[in-house]
Every structure is written in C-alpha cells, then in structure tokens.
Amino acid sequence: MHTWLLPRTELTPTQLRAIELRWVSNQVIVGAPGSGKTQILLHRAEFLRDRMASDSYRLFVYTNVLKDYIRSSLPLLGIPEEQVTTYDSWCKSFYKEHIPGPLPKRKGKLPDFRKIRDKVTQVVKQGKVRVPMYDFVLVDEAQDLDAPSLETLAQVARHVTVCLDRKQQIYERGSSLEQVIGAMGARPRNLYLLDAYRCSPSVAKLASRFILSDQERTYYERQVRTVQLERQVPLLFRSKSAKQERDRLQHILRERIDLGHRSALLLPLRRQVFGFAKGLREAGFDVETMEDLDFATNRPKVLTYSSAKGLTFDSVLLPRLVPRSFGRWSEESIRQLLFVAITRAKDWVYLSTVVSRELKALKSVYSLVDEGEFTIQSEWVVGEPTSDPGVGQEDDDFLDFL
C-alpha cells in the first residue's frame, strides 16, 4: 500500500529534533509548506506515546480528506485510526457525551459546528468536566483554529504540541502566531522553526508571489531547501475562451497521467469540483473527488483548495482563475488560497484563466517570466484549431456545472 510517511531514518536533523521536543511545557512548531509538519506530528505521537507509556491521546488534523490521506501510515506507527480526528468531529462527540440536549443544527438539519465549538469551550472553561482528559494532544494547521478552541485543547490535555504556518490561514476565525502562543501558554523559547523540503525552487518562487509581505516572502524563499533535479517551470495558459481552457486542461492532464505523476486538479468552490469531475469522466478520465478518494492510487484527484490542505502531489493544476470562481473572497484571501493550492505541488504547477476575465492576483507572477522561472502561453493548437464559442455567461455555466 502506498504511504507518504518517511521512516525516521530519512528525516532531517531539524525534523528529528522537533519530534523529540520536551513535553514538560506546550510546544509550538512553525514550518512552511513542505517542511514535514504532519510527518513530525505522526512520529511525535509515537514518540510521546512510548515515552509517556500512554494510550490517552489525540491527533487533530484539519480536514477529513487529510485524515483519509494519512490513514495508510497509521499502522506503521501503531496508531489506531480513532486517535486521529478533526476538531469539529471531536467537539461533536464531546457534546453528545457531556452536554444535555440535542446538537445545535443549521438549516437543512446539518450540525452547526460553530455553536457546538462555542458550547464545548464554555463547558470546559466552566469546569463542568474533569480535565485533563488526555496525556497529550497534537494539532496540525493550528492557525485555522480560533484562540478559544486552542485554549480548550490546552485544558483537556497535559501536553499540547501544535504545528502551524500563518501564511496558510484561510479562515477568518483562525489565530495569529501570537494568539497561538498565548492560548498554549507557551513561551518564545518553545517556538520551533522548520525549513521546507517539498516544493521545488520554481514552485516555491511562484507561491512566494502571493505573499503580501516583502519580509515574509523573502523569509519563505530562504526556507526552501529542495534541490530541483529536473527543471520544470510553472505554466500559465491565458485562453481566449472557457472551451479552449477546458481543452488545454484535458491535454495537460493526459500528459501528467502519461508521466506517472500523482496529480491534483484544485478548484475554489465545491460545486466546481463535482462539475469538473463529471466533465472529465465523460471525457474518459478516471478521477476521484472528496467522496471517493483512494490515496493508494495514482488516479488524479479533483478537490477544493481547502480540502487539499496538508496533501502533497507531484503536479497541481489550477484552472478557472477568474473572479467569478472566488465569489466574495477579498484580494488578501484569494492570495492566501492560491498560496495554499500552489504549495501542494512538489514539482510542477499549471494555471489557466480566460484573458478577458483574468484574476487580478495573477499579475503578480508576470515578473517571473523575465527571471526564467515561469512560462505564459496565450496560443495553443493541437490537431484541428479549437473552436471559440465566445466568453459569455453560457460558456461559464458550461464549465462550472458540467
């Protein structure tokens, strides 16, 4: 079975030191995309379990997709699947066990996770349950949890280690580094920094253009330690129409499949995921979505940006880079989303847009062309010339919903 988890013998000295950090006080680990944060947390779970002789622990990841992604690696470390969960799933279980009454629901009878979180925080803070409940808790993507949630975890566990990257925060209720440190009751000396080892220099250079702060951009680029053995520079295709963009995307995806790459096609909106998956399947592609993921296969995955957090692929394809795809997200949020999506790639990134409605944020990468780190194409012909049905509303709907 495929597993992305490296044995400890193949980890870097910095990663090994992070795994073996002291547990007398809470620890905060900061690392860029590709620094091995999730790998560290899994190995640290094994390390702490053995050192503390404990089976009372939890490892929190941010999405169910990431939980599925790491599932194949858990038996290698002797970690039961039930020890790995999302924070919202844990809150839901906590609520059912410790809080009288029905779960808060939203319209459509779905759980209202915000209200559930807030009630769990209140119950723990008021001392209505016996704490600590666990010997240790490990948290991935801590920047996307709010401070009260982090404080709750610090109360229910004797020790907490969190990993985060502020540049990957995509939810408004998340926490700054200072808030994470404060919620953990940690000290600056408990802050541990990691270098990045996943993204190739070209991918990292592209991602850095979506970091607004010049200081943070420079720091991120200096963190990258990956050697690029095969030079592949990212590509932006500026199509004349949505149909041309679709045809080019299918051509690129076939190339990646022929190369044996583990590829992901990432989209901002959930409805786009299922629309694109349907269209690709009708075109003869065997793809997977969040509903039928199997990370033991090389079949292309079609996911949202947010559900891909924590995952790694050889190639990432980012189509439909037009304002309509991002709804009411602010310019800063769009940049953070693109940073997260691009840094899922180890080797190569493909972006595409329609020229007449190009996303404003893409202008920031044009300078990479002169540096030889980026390619822009606006013409593409294979076989018969691609027909151009125009760029009207009907064209957009055709791609978004099929």
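For the sequence shown, this note's numbering gives the first residue as 630, with consecutive numbering after it. The beta carbon of each residue, even a glycine, is placed where N, CA and C say it ideally should be.
According to the DSSP assignment, residue 687 belongs to no alpha helix (DSSP H) but to the beta strand (DSSP E) extending over 686-690. When the Cα atoms are used, residue 913 and residue 952 turn out to be separated by approximately 29 Å.
Counting only residues of its own chain and dropping the five nearest sequence neighbours on each side, residue 846 has a CB closer than 7 Å to the CB of 837 and 840. For residue 724, the enclosing alpha helix (DSSP H) covers residues 716-727. In this structure, the CA atom of residue 682 is about 31 Å from the CA atom of residue 775. For the pair residue 988 and residue 735, the Cα-to-Cα distance works out to about 33 Å. For residue 894, the closest alpha carbon among the candidates 694, 918 and 725 is that of 918.
Our two residues, residue 698 and residue 970, have alpha carbons roughly 16 Å apart in a direct line. Between residue 656 and residue 790 the beta-carbon gap is near 4 Å, inside 8 Å, which marks them as a contact. Linking residue 959 to residue 750 through their CA atoms gives a straight-line distance of about 29 Å. With 16 or more neighbouring CB atoms inside 10 Å of its own CB, residue 716 falls in the buried class. Beta-bridge analysis with DSSP links residue 945 to 893 and 978. When only Cα atoms are considered, residue 676 and residue 669 end up about 10 Å apart.
Residue burial is scored here from C-beta neighbours: residue 926 has fewer than 16 other C-beta atoms within 10 angstroms and is therefore classed as exposed.
Taking each of 725, 928 and 752 in turn and checking the Cα distance to residue 740, the smallest one comes out for 725.
Following the DSSP letters along the chain, one finds residue 812 inside the alpha helix (DSSP H) bounded by residues 806-813. Secondary structure note for residue 785: its alpha helix (DSSP H) is the uninterrupted segment 776-785.
The C-alpha of residue 634 lies about 43 Å from the C-alpha of residue 985. Unbroken beta strand (DSSP E) runs of no fewer than 3 residues, entirely contained in the stretch 632-694, are found at 656-660 and 686-690, following chain order. Comparing alpha carbon positions, the residue from 801, 705, 663 and 673 closest to residue 652 is 673. With contact defined as three or more Cβ pairs closer than 8 Å, the stretch 901-910 and the stretch 886-893 are not in contact. Taking residue 873 as reference, the option from 948, 799, 800 and 848 with the minimal CA-CA separation is 948.
Boundaries of the beta strand (DSSP E) harbouring residue 766: 763-768, taken from the DSSP string. Following the DSSP letters along the chain, one finds residue 821 inside the beta strand (DSSP E) bounded by residues 820-823. Rounded to the nearest whole angstrom, the C-alpha separation of residue 748 and residue 727 is 11 Å. Around the beta-carbon of residue 834, 16 or more other beta-carbon atoms lie within 10 Å, marking it buried. If the five residues before and after residue 806 are omitted, its C-beta is found closer than 6 Å to the C-beta atoms of 795, all from its own chain and listed in chain order. From the listed residues 896, 923 and 660, the smallest Cα separation to residue 955 is found for 896.
DSSP, reduced to helix, strand and coil, places residue 696 within a helical segment of the structure shown. Between residue 871 and residue 981, the alpha-carbon positions lie close to 10 Å from each other.
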